[in-house]
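Working notes, beginning with the structure itself.
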Amino acid sequence: MFGKRSKKILAIAALSAAITSGTAFAGDLTVYSTSDIHGSVIGWNYFTAKEADLGLAKVSTIINEGRKNKGQDDDILVIDGGDILQGTPLDTYMVQHPNEWKAGQHPMFAAFNKIGYDAIELGNHEFNFGLDYLRKAIGKNKNVLGANVIDDKTGKTWNGVRPYLMKTVKIDGEKVKVGIIGTDTPAIPNFEDPSHFAGVHFTDQVPVIKQCIKELKAQGADIIIGVTHSGVPRGDRNSAENQVVSIAEACPELSLLICAHNHVVIDNQKGVTGPDGTVYSDGVINGVPVVESGKDGKFVGVSKLTLKKADGKWTVQKVSTQAVSTKGVKDDPAIVAQVKPWHEKTLKHLQTVIGQAADEFSGAESNHQDSAIVDLVNEVQRHYAGTQLSASASFNTSQNIDKGPITLQEMSGLYIYENYLYGIEINGAELRKYMEHAASFYGTTPDYNYDMIQGVDYTIDMTKPVGSRITKLQYKGKDVKDTDTFTMAINDYRMNGGSGYMAAMGYTNGKKPKVIFDSMRKYGDDGQMRALMIRYVQEKGTITPTCDHNWNVIK
Ligand SMILES: [Zn+2]
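Taken in order, the sequence shown gives residues -26 to -1, 1 to 529; the numbers are from mature numbering (1 follows the signal peptide of the UniProt record, and there is no 0).
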């Protein structure tokens, strides 16, 4: 029972509540976001075996700092945009040693849990190893999203994940209900083995997000944030793979859209170029601020949403986005300690001998003269693509293969990019244009632009005018005619326009040469050139350095 005095206090409380309801509240909600971490926890490059400015341990340090310095009226959320379980040898180790770990112990999810991620969206690579593997990696984490990952049987969101979450944060002492919707790129069947996602399918993101917005509003969401493993389309506006422009145009209710997949950095400063060359110089599309943080934890998105509550309603006053580099940031020792056993097992595994070298392959001069090491890369490309010719640059002049046992580490360091392999059909005239273009990169940096061709004999005369520098060009002892046709192996970076080789051959506006081999289609992630290099050595057992001196340069 209330006494006289208690009644008086209650009356004062009621009065002050009445005053408060007319008062404005304000503060900042800071959203830390990552994308495409691809198995990077410690600041270590497993391919080059060197320390590197990347990984969740550095991300954690930045978030810890943010938590420490946050104002009394402010709050924080941490969100990841997916591509978690594939990328580094650490990820590969977990896949290849499933009996060494239990559900929830995967080092990436263990790190997410320790850092305190509020939401994690699945990426396309989460489906690389099947749904059982994915479930095991997720463990008991209830913050994993994938609204458009639909169960074939129920027609609803797959029960391994949730369509959205409602998080309550505190701004200026007042509760704010924040809805977070997560969706994945529906283009997964274009690059994934169907058995890996048997039982689910992926639907267009836009209608799913619209439905989730409706439901979240009905549940009283004050603000709504989107996270998509999908990016800003570069060419095709209606790309199924990259739907960020469509999402932003259809869902202006989103106060922030965290995106991923393209491995680029988007924030207020960097902006982004969309389809038809449309430039969003501040990274804001149809009023929706978009943020993407590159890959491997080299950046953390820091988005500040300034909120105000007036007349009982929260509104977003202003949003700023900034992708902060992890360069020079120290690894969080707590995250390092947790991942260390797996990191050390991975390093040990990389010392596995996969074959023998009959003699030394030296990378030192391989970017400006014919070498056994680039001939090896080209031979691997020709072998798997089944082509007459192959084109490749030298990617790492500091990596040699020593005589004797070859380790996984050595082969991983030789081909340092995540390229896939294509076999294409071109004619003699196009080949000549390709080689002319290569000649324009001879002796320049970065040296990865300079392609060397295997399968033809040729001379580059740098004293001749541009356009006529390929003075000798023979296939099996015969001069190449413009009308001859050849098959040639190139990497996907070249195929997609990298270094301008496609344009040099006249393939512009999305036109491409005829494809006769696509390693991603054929082998999935094992179709990466690095994996093919390893496979080649394993198949051959012993490799012998041979350099056929099929080309030379006159300077
Ligand atoms: Zn990725």
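Yeah, the Cβ is synthetic: ideal placement off N, Cα and C, and Gly gets one too.
- No heavy atom of ligand 1 is found nearer than 6 Å to the CB of Asp270.
- Under the 8 Å Cβ criterion, the segment 344 to 359 does not count as touching the segment 470 to 480, having fewer than three qualifying pairs.
- DSSP places Asp500 within a helical segment (H, G or I) once states are collapsed to three.
- At least one heavy atom of ligand 1 lies closer than 6 Å to the C-beta of Asp57.
- Cβ contact annotation for Gln362 (same chain, cutoff 8 Å, sequence separation greater than five): Arg356, Gly429, Tyr449, Phe460, Thr461, Met462, in chain order.
- Beta-carbon to beta-carbon, Val348 and Met426 are separated by about 5 Å, close enough to satisfy the 8 Å threshold.
- Under a 10 Å Cβ-count criterion, Asp522 is classified as exposed, with fewer than 16 other Cβ atoms of the shown protein chains found around its own Cβ.
- Residue environment: Gln193 is assigned as exposed (fewer than 16 neighbouring CB atoms within 10 Å of its CB, all protein chains considered).
- Met436 counts as exposed, since fewer than 16 other C-beta atoms from the protein chains shown sit within 10 angstroms of its C-beta.
- Each residue's CA atom was taken as its position, placing Lys304 and Lys32 some 6 Å apart.
- In the assembly as shown, Ala412 is a buried residue. Its beta-carbon has 16 or more other beta-carbons within 10 Å.
- Assignment of beta-bridge partners to Asn401 by DSSP yields Thr459.
- Looking from the CA of Lys292, the closest CA among Leu228, Ser14, Met409 belongs to Leu228.
- Every unbroken stretch of the beta strand (DSSP E) spanning 3 or more residues and falling wholly within the segment 161 to 202 is given here in chain order: 174 to 176.
- Within the same chain, His12, Gly13, His99, Asn102, Asp499 come within 7 Å of Gln60 by CB-CB distance, once the 5 residues on both sides are set aside.
- Taking the CA atoms as reference points, Gln373 sits about 21 Å from Leu395.
- Where Glu339 is concerned, there is no enclosing alpha helix (DSSP H), because DSSP gives it neither an H nor an E.
- Beta-bridge partners assigned by DSSP to Lys446: Thr433.
- Sixteen is the threshold: when 16 or more other Cβ atoms of the shown chains lie within 10 Å of the Cβ of Asn370, as they do, the residue is buried.
- Fewer than three pairs of CB atoms, one per stretch, sit closer than 8 Å, so the segment 326 to 342 makes no contact with the segment 47 to 64.
- The closest CA to that of Ala297, considering only Ile309, Ala234, Trp288, Ser340, is found on Ala234.
- CA-to-CA, the gap between Asn236 and Ile309 works out to about 27 Å.
- Around Gly97, the same chain offers Gly56, Asp57, His203 as residues with beta carbons nearer than 6 Å, after the five sequence neighbours per side are excluded.
- Scanning Tyr408, Lys438, Tyr6, Tyr432 for the CA closest to the CA of Tyr424 turns up Tyr408.
- For the pair Met476 and Lys486, the Cα-to-Cα distance works out to about 8 Å.
- With respect to the 7 Å criterion, Val253 and Asp196 are not classified as neighbours on the basis of their beta carbons.
- Contact between the segment 135 to 152 and the segment 42 to 51 is present: 3 or more CB-CB pairs across the two stretches fall below 8 Å.
- With 16 or more other Cβ atoms inside 10 Å of its own Cβ, Ala222 counts as buried.
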